[in-house]
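To start, the structure under review is shown below, and the notes come after it.
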Amino acid sequence: MNSRERPFIREMVLEAVQALGSPTTNRAVCKWILDRYPGTNINSIRAHLIMCCVNQPSRIHNSPNKEPRKATDSRYDFLFRPSRGELELYDPQRHGNWMIAKHSSGNLVVCKEGEALELDVSLDMRPDRLAVPLLPSQIRAAVELHDRLEWWKLSERAFRQLREVLPGFEREAVLVKAPVINSLYSTGVMAIWAMAEHIATVMKSPPKDSVVLVEKIARIPSVNKNFYSFASKFAHFFVDAARFAIYDSYARKMVAYHLGKGEANSYRAFSEDIAELQRVAELSCSLRQLDYYLWLAGNYRKWRARGAIGAEVRGLFEDPPAEVRTRLEALLANS
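Given below as structure tokens:
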């Protein structure tokens, strides 16, 4: 199917619920869409299940829902969650008139029209089944803290500009992109020329499966080692940030910490753990924002244990001003 013929993901979701019958489940909708529209990003589907659900507290983090409004937009207000993991088509006559309103504290809340605005219906108070809960407030704190790291922000801007100037994966383009990732992130690829040649070959006919693509990039034929960290970062910044989670020691440790299990030792296992974390915590943030949290929280935990970390991020933790201290407390709210 030509990409221009594919409907928007919100339209896929509506089509799936109508086809499956109401009520149905999040899992069934995801499977139906992936069967009908192969290659659709599973994380984007999950995000839309949250975004389009009128009584889902987490929806306030999606762009159509960041201002107070009544849930009357048929493009984004067509699902209702009767219980965890289940959904059905929204019917105001049965479910009541839902809205996004502003609490006196300044926070947005999801509530029924005419009800008192109780802050405890906000997403920070939702139940969780993780070993260590992960709250949206922690993600927000990480995004705000990351914004204070000037050199890391500069690096991301440089990656975006490099992607715009050299959008392809010809040998010349990769020979510029690969060393930049390897140098700025210290991913340990010694044979960078061989890696660049390898990436150019892989990207001539890249696998559609995100995990398989990272696994292919990670393994240089002549080197007996998997460079998952390098490959995931290259794919995240230069292929599609919405599809590829960044694999590194901080992310692995923090994901395992929240799930209450051992660290993933392959990109496939790590991707499955990321998907589980997103599903159970009902996260609607982007993979980039989730990476901010995993990386910063991992650094902060290591610093508090007197471990060695990078100079710029260490400077963020040492003798912070009050507003930074507040965000650091929110970052590890459940530790």
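For the sequence shown, the working numbering gives the first residue as 15, with consecutive numbering after it. Using N, Cα and C, we set each Cβ at its ideal position, and we do this for glycine too.
Confirm, please, whether the CB-CB distance from residue j to residue i is below 7 Å.
i, j, result
"Tyr264", "Tyr242", "no"
"Ala249", "Val228", "yes"
"Leu144", "Val294", "yes"
"Ala9", "Leu301", "As displayed, the chain neither begins before 15 nor continues past 349, which places residue 9 out of reach and without an answer."
"Arg341", "Leu159", "yes"
"Arg257", "Asn55", "yes"
"Glu290", "Trp165", "no"
"Gly53", "Lys218", "no"
"Pro78", "Tyr90", "yes"
"Arg24", "His62", "yes"
When burial is assigned at 16 or more other CB atoms within 10 Å of the CB, is residue i buried or exposed?
i, result
"Gln32", "exposed"
"Leu330", "buried"
"Phe22", "exposed"
"Ser285", "buried"
"Lys247", "buried"
"Gln292", "buried"
"Val179", "exposed"
"Arg318", "exposed"
"Thr201", "buried"
"Pro235", "exposed"
"Arg60", "buried"
"Asp333", "exposed"
"Gly120", "exposed"
By Cβ distance below 6 Å, which residues in the same chain neighbour residue i in space, the five residues on each side in sequence not counted?
i, result
"Ser72", "Ile64, Leu137, Glu296 and Ser298"
"Glu29", "none"
"Asn238", "none"
"Ala278", "Arg266, Phe284 and Asp287"
"Lys84", "Met113"
Leaving out the 5 sequence neighbours to the left and right, which residues in its chain are closer than 8 Å to residue i when beta-carbon positions are compared?
i, result
"Leu34", "Ala42, Val43 and Trp46"
"Arg162", "Leu330 and Val338"
"Pro141", "Reliability of the predicted coordinates at Pro141 is poor, the pLDDT of 37 falling under 50, and the value obtained from them is presented with this limitation in mind. Contacts found: Arg98."
"Ala172", "Val194"
"Gln303", "Ile153, Ala156 and Val157"
"Pro14", "Since the first residue shown for the chain is 15 and the last is 349, residue 14 is missing from the structure and cannot be characterised."
"Ser58", "Ile23 and Ala256"
Here's a check: name, in chain order, each residue in its chain whose Cβ is nearer than 7 Å to the Cβ of residue i, leaving out the five neighbours to either side.
i, result
"Ala214", "Phe183, Glu184, Arg185 and Val188"
"Leu308", "Tyr264, Ala265, Met268 and Val269"
"Arg95", "Cys67, Asn69, Gln70 and Leu101"
"Val216", "Lys230 and Ile231"
By DSSP's criteria, residue i is part of a beta bridge. Which residues make up the other side?
i, result
"Trp112", "Lys126"
"Thr54", "Paired residue(s): none; Thr54 is not in a bridge."
"Glu359", "Residue 359 is absent from the structure shown; the chain starts at 15 and stops at 349."
"Cys67", "Leu93"
"Glu326", "Paired residues: none, contrary to the question."
"Leu101", "Thr38"
"Arg83", "Ile114"
Just checking residue i against the ligand GTP - is the residue's beta carbon closer than 6 Å to any of the ligand's heavy atoms?
i, result
"Leu301", "This structure does not include the ligand GTP; it has no bound ligands of any sort."
Are the stretch 268–282 and the stretch 202–218 in contact at 8 Å, needing three or more beta carbon pairs? no
Does the stretch 245–259 come within contact of the stretch 188–195, defined as at least 3 CB pairs closer than 8 Å? yes
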